[in-house]
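Have a look at the structure below before the remarks.
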């Protein structure tokens, strides 16, 4: 073997070791994704309305049961900029316009770190609008005013759909819940801000980012700092959001209420790792283009129980999935794989001060998605009247283990108990974040991270499913 070949082999081995040593997540998770384009396909020809992209009533019996209706790449990173945490919401009176939001990290480590907002990075919330039920996605656009640096950055969007033509995007700012080499007291304080967007056709008009304050005056972080963690020694000193579709209760433009789960965190530092978390519930009342934020009644918070080592809690971030009053808020809590003992399953909390109880769904850190919807499965139905029907089932999408394996399940909408295949359907082996919504014709759409081992990056794919196909893979 020539000296040149030996040199090249040695160089390749050295490079592989360098890349392997780079995979870390603030001292915790080595499994953070890769880059391989997902297969794209379109099986809608002859089955959809040309204007709306919704399924024709006559074509419901002819929808494929062995493949998705549509799959397309929405976002992909490049050499320096990375997109994470997709959220999909369906807009428009006919519910024919899916919009996919995501967090864009500029000149950052991408999937090497699961936290974008840390007080040092520049991050925007961006989106694409899918005309004709997702047949044609427009250009990537920034929510409200774009970031000029860390001080004006936003990430981990919670997207509240307020009626057919308005959203409220709530996002982490400042230091968020990131763990860095510095203590929280030495970092930019965590903030949570919101922006109202009004939708017309395929275009949003945005208001400016505004800080979430209790009764529009009280600093939210200062309230969070008054609360002890589950070890009863440390106090929470950071806060943020988890990317999700936000839960909205009420109907009619004068009675929409947003229920926001604020993630409370004590993260320690990268040299002294902690991860103690809880959730603080805030409600927002929307009036025009403003939101008044208030505590969700008294003692509207859950401090997650500390594990035996006192440095990690049983659960991590949370998202609200139901609730009509202060007493019956329902939330999903991500299990914590860190510390001892490991928490293996997603938690479901019922009540604004109740610890989450284990579901039967295996989980890991990441941002899951949930949808309550009307389920027909393999049975034919009338597409044009679908949107007026009440939900009777649920879908849950989330990573199931430390390799991610983002998986879709058919569940009871109230208890999250599996009503379909116990193992669900794996969308991708690498994705750690996903979101679900339903179009006006009953076809389901997801926005999810996809990739493969290799480069530190992700694609965000948009997939549209007929209920027949969902029945074939989930039941």
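In mature numbering (1 follows the signal peptide of the UniProt record, and there is no 0), the protein residues as written are -20 to -1, 1 to 455. No residue lacks a Cβ here, since even glycine has one placed at the ideal position from N, Cα and C.
Cβ contact annotation for residue 22 (same chain, cutoff 6 Å, sequence separation greater than five): 50, in chain order. Relative to the Cα of residue 335, the nearest Cα in the group 312, 60, 190, 119 belongs to 312. Residue pairing by DSSP places residue 259 opposite 243, 282 in a beta bridge. Between residue 383 and residue 371, the C-beta gap is not smaller than 8 Å, which leaves the two residues out of contact.
Between residue 198 and the set 272, 230, 83, the nearest pair of CA atoms involves 272. Contact annotation, residue 144 with residue 449: C-beta distance approximately 26 Å; criterion of less than 8 Å not satisfied. For residue 146, the enclosing beta strand (DSSP E) begins and ends at 146 to 153. Taking the Cα positions, residue 392 is about 6 Å away from residue 374. Inter-segment contact for the segment 56 to 68 and the segment 25 to 45 is absent: fewer than three beta-carbon pairs are separated by less than 8 Å. Close CB contacts of residue 405 within its chain, under the 7 Å cut and outside five residues either way in sequence, are with 387, 388, 453, 454 (chain order).
Residue pairing by DSSP places residue 186 opposite 177 in a beta bridge. Take residue 161, set aside five residues on each side of it, and the residues of its chain with a beta-carbon closer than 7 Å to its own are 249, 250, 251, in chain order. DSSP places residue 384 in the strand class (E or B) of the three-state scheme. The C-beta distance from residue 225 to residue 69 rounds to 6 Å, short enough to fall under 8 Å. Residue state for residue 365 is assigned as helix, using DSSP reduced to three classes. The residue among 80, 57, 74 with its C-alpha nearest the C-alpha of residue 86 is 57. Fewer than three pairs of CB atoms, one per stretch, sit closer than 8 Å, so the segment 133 to 151 makes no contact with the segment 111 to 118.
Between the segment 76 to 84 and the segment 346 to 361 there are fewer than three inter-stretch CB-CB distances shorter than 8 Å, so the stretches are not counted as touching.
Each of 420, 430, 203 was checked against the Cα of residue 72, and the nearest Cα belongs to 420. Here residue 258 is not near residue 292, since their CB atoms are 8 Å or more apart.
Rounded to the nearest whole angstrom, the C-alpha separation of residue 204 and residue 287 is 21 Å. In this chain, the beta strand (DSSP E) harbouring residue 229 covers 227 to 229. Checking the DSSP bridge columns, you'll see residue 264 partnered with 238, 273. According to DSSP, residue pairing for residue 315 in a beta bridge involves 295. Taking all protein chains shown into account, residue 20 has fewer than 16 neighbouring C-beta atoms within 10 Å of its C-beta and is therefore exposed.
Listed in chain order, the beta strand (DSSP E) elements of length 3 or more contained wholly in the segment 60 to 146 are 62 to 71, 77 to 86, 102 to 110, 135 to 141.
Residue state for residue 22 is assigned as strand, using DSSP reduced to three classes.
DSSP, read as helix, strand or coil, puts residue 396 in coil. As the crow flies, the alpha-carbon of residue 29 is around 45 Å from that of residue 275. Boundaries of the alpha helix (DSSP H) harbouring residue 203: 200 to 205, taken from the DSSP string.
Distances from the alpha-carbon of residue 31 to those of 18, 77, 284 put 77 closest. Listed as beta-bridge partners of residue 454 by DSSP are no residues whatsoever. The beta carbons of residue 428 and residue 411 sit closer together than 8 Å.
A residue is called buried when at least 16 other Cβ atoms come within 10 angstroms of its Cβ; residue 337 does not meet this threshold and is exposed.
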